[in-house]
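Chemist: Encoded as structure tokens, here's the structure I'll be asking about.
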Amino acid sequence: MIIKNRYITLNKILLLLLLLVTSFLLIDYLKLSDAETIESATAQQMLSPTKEQEKTVRNLVKKLKRSHYLDETLDNAFSEKVFNNYIELLDSSKTHFLKTDIDEFSKFRFILDDDLKGGNLESAFYIYRRYHMRREQRIKYTIGVLENEIAAIDFNTDEYIEIDRKKLPWCDDLNAAQRLWLNLLKNEILNLKLDKTPSEEIQTTLLKRYKNQLRLLEQTNSDDVFKYFIVAFTHSYEPHTEYFPPVESTNFDIHMRLSLEGIGAMLKSEDMYVKVEELVVGGPADRGGELKTADLIIAVGQGEKGEIIDVEGWRLDDVVKLIRGPKGTVVRLKVIPADKTDISKTKIISITRDTVKLEEQSAKKSILEIKRKERDYRIGIIKLPAFYSDFEAAMSGDANYKSSTRDVERLIHELLDENIQGLILDLRNNGGGSLHEAKDMTGLFLTEGPVVQIRDADNDVMLYSDTDPRLVYSGLMAVLVNRMSASASEILAGAIQDYGRGIIVGSQTFGKGTVQSMEPLEPGRLKYTQAKYYRINGESTQNRGVIPDILFPEVINADEIGESSLPQTMAWDQIKAADYNRVSVLTPVINFLKEGHLLRIKDNPEFTYLNERISFLEENRKRTRISLNESVRLKEEEVMKQRLLDIENRRRQASGQEPYKEYSEIEKAEKDKAEREKKNGLEPDNLLKETGEILTDWLIKSTKNGAKNDSILRN
């Protein structure tokens, strides 16, 4: 089972603060006329479709028509969907196209279906050439302002920016566009001011940034245009169907092998940034603990003292070249952290490059000791980052091939030798992997029986069952999940819940309930949705995911991340339940455990702290405007830091610790913790600890009821 790019939705707080701004400051430098809408002969020649691309489109249309789970008809309605997706991909923030452009493009709205079937890419390339021209206009205009008019910009006005421009109209003409472009620049300058960039460096930094963007734009080729349009087409089916050109196909293989880049990160382009899509667990970046998923990389430096090169607006492959390097060398990344509500707050992270091997992504074990009165309880923990398997080794007959199920089984036996009394399977941030592994791993906790149902495009349902009668672990268990637990993780968690085999704890999972297949489609490969999967109770996990029996607070906004946040997702539905026998009915136990959990966290300073931080983030997400007045922004920053300091100090005081005097102490403590975990491994977090407390409550209750709570059958 293949997980699609899960992070297609933008971190709206971070990106829109930078890209979607308005202001009323006027500078008349570099006026551009509508006559410049005529594309140059050079652009026409460089950005034109190739015969190979036209052939690929025809083959792609035929393949999806034959094989995709959805029987889509390429008609006017589908054409309009492709058109809207294409415009959204190119200019979602409405910062480049003019209203006149969009009006002109309306002639293409209902013909793209015919173009696709015939392999005609002229309409798509025509639209892109206009986008290319508008972007060039914006960059050259901005460079002109930076070189000649930067001193005239006033930051003492009462202007503000709108955070979300999606519902705002397109600019009427170039004059309106220039005002918008100037406002975008003003916001960038202000961000650098707030980031304490020396005044004399601001102009240099931004000129370098925009000249890099111009360089990137000049490197645009027909493959870039083709990629945008094909994404608009395939995502008009649903968000997990995608065509991979040769280079991206290779990168996809690297991702599936969990051997990514030189720092152990999956990177993607998003607007003008390189975004951290996923950290490889156990890789250099993950071990360092500072780089996070959804961080935006804005500059890269080599070694401890090498020049930091601004990479905003660069091609992804060029940025990757800077980040990659020999094992043992250091790369420094300047990033906008994903958890910052103020994008002017950046930090520099040093990472020692290393080879990222599958071994480092393997399941890991640990033991959590819970003290109750005079007795200690030993809770085994297995952290599983992915459902991995060395398919080639298995197919070649290697008896010792690597698989997540084999590793987890081995770890269970080791934990039993260490006298654990309960088990937590930690699937947080596990985006899935092999369907076969999900089925087999579920079987470690069950005797024979169905695990998941698969329905294909013909509505034929196949039952995937565990046929191994061995029961490796029959003791009490909890499965810990969060919003980033997807696909294969949801299959296992759903089966454990349906059987009543254990309790599910955490937050609502991602909600990916589709199965993808990867097949060659020259010159690249096509990943397409061929089936949906269903829990054995008949319910789909599509959009809804798995709802835990006991819910924890979730920092991730479900409206921004998750299957339901993606466009054109397939609907939730259900089929007939499979024939299976529940192990137990846990409703009374779950109700009992909920009571203990709620009572315990009521006065728990860590949960109080977490809820206050979530409330703070929610308040910031509700903001629709941000001031462009420098003194106002400085005051807002002071208020924000004081608010976070107060939240932290309430936690510290409740825990018997000395309060911090300044916000900088929080930043230092976070850095120290990252260094400590880099050396000693990750420290148990509070959600994991609370899961251990819940499982201990269950152990105590089952002991009082006379149950054998550590019943183990080992074969």
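Residues are numbered in my numbering as their position in the sequence shown, beginning at 1, plus a constant of 68.
Positions of the beta carbon are idealized from the N, C-alpha and C atoms, including for glycine.
From the DSSP output, which residues share a beta bridge with V547?
Modeler: For this step, residue 547 is matched to residue 479 along the sequence shown. Per DSSP, L493, I572.
Chemist: Pick helix, strand or coil for P656, following the three-state DSSP scheme.
Modeler: As a position in the sequence shown, residue 656 is number 588, starting the count at 1. It is helical.
Chemist: Per DSSP, which residues does M586 bridge with? Please list them.
Modeler: On the sequence shown, position 518 is the one that residue 586 refers to. According to DSSP, M586 bridges with K595.
Chemist: Should the stretch 218 to 236 be called in touch with the stretch 190 to 201, which here means at least 3 C-beta pairs below 8 Å?
Modeler: The stretch 218 to 236, when compared against the stretch 190 to 201, does not touch it at the 8 Å Cβ threshold.
Chemist: Which whole-angstrom value is the C-beta distance of S135 and Q598, which I expect to be below 8 Å?
Modeler: Taking the first residue of the sequence shown as position 1, residue 135 is located at position 67. Taking the first residue of the sequence shown as position 1, residue 598 is located at position 530. Correct: roughly 6 Å between the Cβ atoms.
Chemist: What separation, rounded to the nearest whole angstrom, lies between the Cα atoms of A645 and L763?
Modeler: Sequence index remark: in the sequence shown, residue 645 carries index 577 (1-based). Sequence index remark: in the sequence shown, residue 763 carries index 695 (1-based). Distance between the alpha carbons of A645 and L763 is about 29 Å.
Chemist: For G664 versus D753, is the C-beta spacing smaller than 8 Å?
Modeler: As a position in the sequence shown, residue 664 is number 596, starting the count at 1. As a position in the sequence shown, residue 753 is number 685, starting the count at 1. For G664 and D753, no; Cβs fall outside 8 Å.
Chemist: Taking the alpha carbon of Q121 as the reference point, which residue from L189, D183, K130, K254 has its own alpha carbon closest?
Modeler: The residue given as residue 121 occupies position 53 in the sequence shown. Comparing Cα-Cα distances from Q121 to each of L189, D183, K130, K254, the minimum goes to L189.
Chemist: Is R551 near A626, with beta carbons less than 8 Å apart?
Modeler: Here residue 551 is taken as the residue at index 483 of the sequence shown, counted from 1. Here residue 626 is taken as the residue at index 558 of the sequence shown, counted from 1. The answer is yes: Cβ separation under 8 Å.
Chemist: Just to confirm the assignment: which complete beta strand (DSSP E) runs, minimum length 3, are found wholly within the stretch 222 to 299?
Modeler: The stretch 222 to 299 contains these whole beta strand (DSSP E) runs: 228 to 230.
Chemist: Between the stretch 631 to 648 and the stretch 669 to 684, do three or more beta carbon pairs fall short of 8 Å?
Modeler: No: fewer than three Cβ pairs fall under 8 Å.
Chemist: Judging by CA-CA distance, which residue of E587, L248, A556, V388 is the nearest neighbour of Y311?
Modeler: Counting from 1 along the sequence shown, the entry for residue 311 is found at position 243. Measuring from the Cα of Y311, the nearest candidate turns out to be E587.
Chemist: Of the choices L755, E735, E743, S770, whose alpha-carbon is the least far from that of I405?
Modeler: Position 337 of the sequence shown, counting from 1, holds the residue named residue 405. Note that residue 405 is Pro in the sequence shown, not Ile. With distances taken between Cα atoms, P405 lies closest to E735.
Chemist: How about M463: is its C-beta nearer than 8 Å to some C-beta of chain C?
Modeler: The displayed structure is made up of one protein chain only, and chain C is not part of it.
Chemist: Does L83 come out as helix, strand or coil in the three-state DSSP assignment?
Modeler: Numbered from its first residue, the sequence shown carries residue 83 at position 15. Annotation note: pLDDT 28 at L83 (below 50); position unreliable, no value reported.
Chemist: For the ligand GDP, is there a heavy atom less than 7 Å away from the beta-carbon of T124?
Modeler: The ligand content of the structure shown is nil, which means the ligand GDP is not present either.
Chemist: Looking at L115 and S802, is the spacing between their C-beta atoms short of 8 Å?
Modeler: Residue coverage of the chain in this structure runs from 69 to 783, which leaves residue 802 outside it and unanswerable.
Chemist: Could you pull the start and end residues of the alpha helix (DSSP H) that T764 belongs to?
Modeler: Numbered from its first residue, the sequence shown carries residue 764 at position 696. Run containing T764: 754 to 772, per the alpha helix (DSSP H) assignment.
Chemist: Does L138 pass the burial test, meaning 16 or more other C-beta atoms within 10 Å, or should it be called exposed?
Modeler: Locating residue 138 in the sequence shown gives position 70, counting from the first residue. L138 comes out exposed.
Chemist: How many Å lie between T225 and Q725 at the Cα?
Modeler: The sequence position of residue 225 within the sequence shown is 157, counting from 1. The sequence position of residue 725 within the sequence shown is 657, counting from 1. Roughly 43 Å between the two C-alpha positions.
Chemist: Look up M708 in the DSSP assignment and say whether it is helix, strand or coil.
Modeler: Here residue 708 is taken as the residue at index 640 of the sequence shown, counted from 1. Looking at M708 - three-state DSSP - the assignment turns out to be helix.
Chemist: Only counting runs of 4 or more residues, tell me where the alpha helix (DSSP H) segments fall wholly within the stretch 451 to 477, in order along the chain.
Modeler: Qualifying alpha helix (DSSP H) stretches, in chain order: 459 to 463.
Chemist: Assuming S502 contacts S457 (C-beta within less than 8 Å), just tell me the rounded distance between them.
Modeler: Within the sequence shown, residue 502 is the residue found at index 434, counting from 1. Within the sequence shown, residue 457 is the residue found at index 389, counting from 1. S502 to S457, Cβ: 5 Å. Contact.
Chemist: Check the C-beta distance from D354 over to L347 and give it rounded, since I have them as a contact under 8 Å.
Modeler: Stepping through the sequence shown from its first residue, residue 354 is reached at position 286. Stepping through the sequence shown from its first residue, residue 347 is reached at position 279. At roughly 5 Å, the Cβ-Cβ gap stays under 8 Å, so D354 and L347 are in contact.
Chemist: Output the distance between the C-alpha atoms of I435 and I450, rounded to the nearest integer angstrom.
Modeler: As a first step, residue 435 must be located in the sequence shown, where it is residue number 367. As a first step, residue 450 must be located in the sequence shown, where it is residue number 382. For I435 and I450, the distance between alpha carbons rounds to 9 Å.
Chemist: Where does the unbroken beta strand (DSSP E) through S418 begin, and where does it stop?
Modeler: Working through the sequence shown from its first residue, we reach residue 418 at position 350. Run containing S418: 415 to 420, per the beta strand (DSSP E) assignment.
Chemist: The beta strand (DSSP E) with K336 in it runs from where to where?
Modeler: For the purposes of this step, residue 336 is identified with residue 268 of the sequence shown, where counting begins at 1. Run containing K336: 333 to 338, per the beta strand (DSSP E) assignment.
Chemist: At the level of alpha carbons, what is the spacing between R711 and S683?
Modeler: Here the question's residue 711 lines up with position 643 in the sequence shown. Here the question's residue 683 lines up with position 615 in the sequence shown. Their Cα atoms are separated by approximately 11 Å.
Chemist: Which residue wins for smallest C-alpha separation from G579, given the options E631, R701, N688, R443?
Modeler: Position 511 of the sequence shown, counted from the first residue, corresponds to residue 579. Nearest option by C-alpha distance: E631.
Chemist: Between the alpha carbons of V342 and V129, how many angstroms are there, rounded?
Modeler: In the sequence shown, residue 342 corresponds to position 274, counting from 1. In the sequence shown, residue 129 corresponds to position 61, counting from 1. The alpha-carbon atoms of V342 and V129 are separated by roughly 31 Å.
Chemist: Any idea what DSSP makes of P518, helix, strand or coil?
Modeler: As a working mapping, residue 518 is identified with position 450 in the sequence shown. Three-state DSSP puts P518 in a strand.
Chemist: What whole-angstrom Cβ distance do T473 and D508 have, given they're in contact under 8 Å?
Modeler: As a first step, residue 473 must be located in the sequence shown, where it is residue number 405. As a first step, residue 508 must be located in the sequence shown, where it is residue number 440. Yes, they are in contact, since the Cβ atoms of T473 and D508 sit about 4 Å apart, within 8 Å.
Chemist: Alpha carbon to alpha carbon, how far is L667 from F620?
Modeler: On the sequence shown, position 599 is the one that residue 667 refers to. On the sequence shown, position 552 is the one that residue 620 refers to. Cα to Cα, L667 sits roughly 14 Å from F620.
Chemist: With distances taken between CB atoms, is the gap from R838 to W249 smaller than 8 Å?
Modeler: Limits of the chain in this structure are 69 at one end and 783 at the other, which puts residue 838 out of reach.
Chemist: What is the DSSP secondary structure of M530, reduced to helix, strand or coil?
Modeler: What you label residue 530 is simply residue 462 of the sequence shown in a count that begins at 1. DSSP places M530 in strand when its eight states are reduced to three.
Chemist: So if DSSP puts K439 in a beta bridge, which residue, or which two residues, is it bridged to?
Modeler: As a working mapping, residue 439 is identified with position 371 in the sequence shown. According to DSSP, K439 bridges with D444.
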